[in-house]
Every structure is written in C-alpha cells, then in structure tokens.
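Residue numbers (the numbering used here): 2 to 365.
Structural data, given as structure tokens:
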C-alpha cells in the first residue's frame, strides 16, 4: 500500500471534497480516512487522538516516538507539524536505530554501532518518507550536528515540500563557538566548520512556501537564498563564513532578527560587521524591521547608531531595535521620558522609523 504519495490536497474550505477523500481512504484501508471524517464531523478529542495513533501505527511512526525525540502533530490526515530534539529516553535509541536499518536503507554513513550516527538515521526515517511532504512546520534541534546537520539537509532536499512555511534548525549553546558534546561523549568543536559549513546540500529550492526561518548555532549553511522568505531570526553565527548580516539574497525579507552575545572567547560582535549593511539594501529591498535588541556589540549604542546612519539600508527601515543604552550625551529625552534621546546630529536620520534602544522607545 502506497500512503501519502498523492499529488495534491483538496482546497482547505472544500468540506465535501475532504469528506469524499476520507471515504476513499477508508475504503482503501488507509487509517487517515477515519481521522479526516472525525475532524469534519466533530468527533470527540479522544476518538481523534485514537484515530491518529492508528495512522502512526500503520506508517510505523509510533516506533519513532520511542525515545521521545520525535513529536508529531496531525491535521486533516496530514502530518502538519514535526519536532525533533534530544532523546528523552536515550536507552531505547540503539534498538530503535537497529530496527529502522533492518527495515530500510539508512542515510550514507549510517552505523548502528556509532551513537553519533543515530540522530541522522532518525531524521532520515521521517524526512525521507512521503509522509513528511505536506509538513507545514518543522523544528530540528541537533546534538550530533557534525554528522546529522548534512543528513537532515539531504533528506529535506529529497522532495519538494509545498506547504512548509516555518522551519527551525540548528543546535543550542550557552556561549557561541563553545565545544559541544556528542552522544558518545566526544568533543564537537564548531570552529572545525568555519568557512566549510556543516551543511553542503542546498535545501532552499525544496521549500518554496517557506516564510519564517529560525537558525541557531554556528556555521550551519554557506548561504540562505530564498525568494519568498519574509522573516529570518538567527542566534549565533549561522553562516559558514561567520557573516552576521549577509545570510544570502532574500528579496522578500521584511524582518531580520539577530541574537548574538559574547562568544566563548569573551568577544562581542564587532561593530565592523555593520559594514556589511552597505549591500543589504540591494539584497533585502523589502526589509522593514531590523531587530538587534539581543545583539551585543563591542561598541556602545551611540557608535552603532552612527554607523547605521551611514547605511543605505536605513531609509527603507520602519523599525529598529538596539540592545545597549545610549551613553547619556544626547540632547533631550526619549518619547517615554526616561533617559537621553538621540544625539542631535543623528536624530534626523532616524526620524522616519520606530527606534527602540535597550527596550525603551526613543521615538516612533
């Protein structure tokens, strides 16, 4: 039986088409039919949960919940949301990986004897399947990122995902560039991937509906180039060359949020990185909101504002947020009456936008 290989789905508001689809699926022994019927006919929550448990059993996805790393959300018989993270029950992961590899080929380099390869097997076990084609939201949090980041990208690029509109990807850290610890206890140094990047496969063409992207970690992608992306949030230095403000060509981007604090070496973001903004007016012609409220520079807000005042990007912005307070030498007070406003020489440059500094509205 071939499940989840349909070319398209009914229009969202076409109730009759969905119910007809449910009837066809049920007649073919596909457990999704009953789940769709219950959704449209107002079944009890417990009935609907049981129906989707039957869908997961039919697909073998129930086994992938065994260690707690995969979580699934269903709607209208479609896998709508999926989240992957560190195992809750690490003791069951080896047996799970062995079962998966016994049933189907794993990704390149799969090895049931290497705990740091297990993550890639579990990612491919979902993302390689037709069941994942209709995902709308995908959140992937990696532990063994030196192996699994590329494995996840290869699986993602393997089929077009016409509904995936929100994608979160990367690995957590306390201090940027700090060494991680793999599943086998080995030391993972992100600096080993500077200029090379953890991911070599281009995933962006496979995600035409992507609108919100959240990246966390260091040196994940060579670039992010996407015609439809409207919101980008980064935590860390997510581009392979360490660039902060030039992730790629994003002509539809309206909101860019950058979070970056002192790294493991005690170094904050260089204010020289602001020079990159000289080309972003061409790369991000529709950018309107620049949120640097969680970005720590090696210079004060006054110096950062002075640099931004010279940027060709500034006239197109409608909102700007900075983390550090003004140094108190500006004339007058902000709109909220608490603290100094902009230096008089800079004020005209920022008069057209909403400006927040250290969480305080200066004007706008």
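Ideal placement from N, C-alpha and C gives every residue a C-beta, glycine not left out. Given the structure is predicted, the values throughout are model-derived calculations rather than measurements.
Taking 7 Å as the cut-off, the beta carbon of residue 248 is found closer than this to the beta carbon of residue 240. The count of Cβ pairs closer than 8 Å, one atom from the stretch 162-176 and one from the stretch 210-223, reaches three, so the stretches are in contact. In this structure, the alpha-carbon of residue 185 lies about 12 Å from that of residue 95. Residue 356 carries a strand assignment under DSSP once its states are collapsed to helix, strand and coil.
DSSP places residue 63 inside the alpha helix (DSSP H), whose first and last residues are 62-65.
Per the Cβ contact rule, the stretch 29-39 is in contact with the stretch 55-71 (3 or more Cβ pairs under 8 Å).
Around the beta carbon of residue 274, a 10 Å sphere encloses 16 or more other beta carbons of the protein chains shown; the residue is thus reported as buried.
If you ignore the 5 residues before and after residue 130, its C-beta comes within less than 6 Å of no other C-beta in its own chain. Excluding sequence positions up to five before and after residue 122, its CB lies within less than 7 Å of the CB of 98, 101, 102, 107, 108 and 111, all in the same chain and listed in chain order. In terms of Cβ geometry, residue 292 and residue 178 do not form a close pair [threshold 7 Å]. Taking a C-beta distance under 7 Å as the contact criterion, residue 150 and residue 143 qualify as a contact pair. Contiguous alpha helix (DSSP H) elements confined to the stretch 246-295 occur at 278-284, taking only those with 4 or more residues. Straight-line spacing of the CA atoms in residue 181 and residue 188 works out to 6 Å.
Restricting attention to beta strand (DSSP E) runs no shorter than 3 residues, the stretch 45-94 encloses them at 71-76 and 79-85, ordered along the chain. Under the three-state reduction of DSSP output, residue 236 falls in the strand class. Excluding sequence positions up to five before and after residue 152, its CB lies within less than 7 Å of the CB of 108, 121, 124 and 125, all in the same chain and listed in chain order. Between residue 347 and residue 310, the C-beta spacing is below 7 Å.
Taking 8 Å as the upper bound for CB-CB distance, residue 158 and residue 204 are in contact here, some 5 Å apart. Spatial neighbours of residue 229 in its own chain (CB-CB distance under 8 Å, excluding positions within 5 residues in sequence) are listed in chain order as 209, 210, 211, 212 and 253. For residue 118, the CB contacts under 7 Å within the same chain, skipping 5 residues up- and downstream, are 110, 111, 112 and 148 in chain order. Around the C-beta of residue 68, 16 or more other C-beta atoms lie within 10 Å, and the residue is accordingly described as buried.
Listed in chain order, the non-local C-beta contacts of residue 168 below 7 Å within the same chain comprise 139, 208, 211 and 214, local neighbours out to five positions each way being set aside.
Per DSSP, reduced to three states, the secondary structure at residue 324 is coil, with no helix or strand assignment. Where residue 244 is concerned, there is no enclosing alpha helix (DSSP H), because DSSP gives it neither an H nor an E. For the pair residue 256 and residue 86, the Cα-to-Cα distance works out to about 26 Å.
In this structure, residue 324 sits near residue 294, with a CB-CB distance shorter than 7 Å. Residue pairing of residue 214 in beta bridges, as defined by DSSP: 168 and 233.
In terms of Cβ geometry, residue 162 and residue 134 form a close pair [threshold 7 Å].
Per DSSP, reduced to three states, the secondary structure at residue 181 is strand. Here the alpha carbon of residue 225 sits roughly 42 Å from the alpha carbon of residue 48. With contacts defined by Cβ atoms closer than 7 Å, residue 327 and residue 299 do not form a contacting pair. Within its own chain, the residues whose Cβ lies closer than 8 Å to the Cβ of residue 165, once the five positions on either side in sequence are excluded, are 136, 137, 138, 139, 208, 210 and 211, listed in chain order.
In the DSSP assignment, residue 25 falls within the unbroken alpha helix (DSSP H) covering 16-28.
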